[in-house]
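*Asks:*
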Ligand code: SF4
């Protein structure tokens, strides 16, 4: 696989994220879709939080998305066109797949990523697995290979709380990489590698008073920011399969 540009993380030995995810060929299990955000990747983009992650990084920002039950179950082909329309209407130029662990649902996410790609949008994905492991698994896994091929920008590696990264956007720890797998965001990744870039935290307060947070911040920083504002909107939904 050609990596067009990268801001690799520091090398920290860890077993987190080293177990190959089991193939999943069921419907997509997801928690939240936003047609537009400016905190989950370059520019304005849609964001899809999938439900389920077996990596279990200590002090993960989204532990409510670890459970492989709950969330919403959807046929990928049904939701892809609907989400593309919503993203276009909101002025987004791409989609970010995060979670949860997108590569645990690679078979369901690959066709969604391709729909966005075919419409001229870029695809960004987060993974608690490293790119080198994903490439190794892709050699015998069509689902992992298909999702990697449809990904323009990958943030890879588990979150290691003892190695926080405050120099680069989107990721949480210094071991994680930001890698341009296509030319789409290679220039931006080169800039991040040479100069760093501040992160963005987006706080939305809905008309119903619900507070939602996009982007990355430490729990302590979030607690200070959100003190007394109310509960997060991206808690697991009540739909149970
Ligand atoms: S891979 Fe991501 S969602 Fe999963 S535990 Fe680690 S930080 Fe959390």
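Residue numbers (the numbering used here): 1144 to 1384. We put the CB at the ideal spot given by N, CA and C, even for glycine.
Tell me, please, whether the stretch 1249-1266 touches the stretch 1196-1210 by the rule of three or more beta-carbon pairs shorter than 8 Å.
*Replies:* Contact check between the stretch 1249-1266 and the stretch 1196-1210: fewer than three CB pairs, one atom from each, fall below 8 Å, which does not count as touching.
*Asks:* Which residues does DSSP list as the beta-bridge partners of residue 1176?
*Replies:* Paired residue(s): 1191.
*Asks:* Can you round the beta-carbon distance between residue 1237 and residue 1264 to whole angstroms, since I take them to be within the 8 Å contact cut?
*Replies:* 5 Å
*Asks:* Does DSSP classify residue 1322 as helix, strand or coil?
*Replies:* strand
*Asks:* Considering only residues of the same chain and omitting the five flanking positions on each side of residue 1335, which have a CB-CB separation below 8 Å?
*Replies:* 1150, 1311, 1312, 1321
*Asks:* Is the separation between the beta-carbon of residue 1341 and that of residue 1332 shorter than 8 Å?
*Replies:* no
*Asks:* Comparing alpha-carbon positions, which option in 1298, 1316, 1299 lies nearest residue 1305?
*Replies:* 1316
*Asks:* Kindly indicate which three-state DSSP category residue 1236 falls into: helix, strand or coil?
*Replies:* coil
*Asks:* Find out if the Cβ-Cβ distance for the pair residue 1245, residue 1290 is shorter than 8 Å.
*Replies:* yes
*Asks:* If you compare alpha carbons, which of 1152, 1248, 1184 is closest to residue 1197?
*Replies:* 1248
*Asks:* Give the straight-line distance between the Cα atoms of residue 1302 and residue 1180, rounded to the nearest whole angstrom.
*Replies:* 22 Å
*Asks:* State yes or no: is the C-beta of residue 1192 nearer than 7 Å to some heavy atom of the ligand SF4?
*Replies:* no
*Asks:* Please confirm if the stretch 1215-1230 is in contact with the stretch 1147-1163, defined as three or more CB-CB distances below 8 Å between the two stretches.
*Replies:* no
*Asks:* In three-state DSSP terms, what is residue 1268?
*Replies:* strand
*Asks:* Enumerate in chain order the residues of its own chain whose CB-to-CB distance from residue 1187 is below 7 Å, with the five nearest sequence positions on each side excluded.
*Replies:* 1179, 1181, 1234, 1235, 1236
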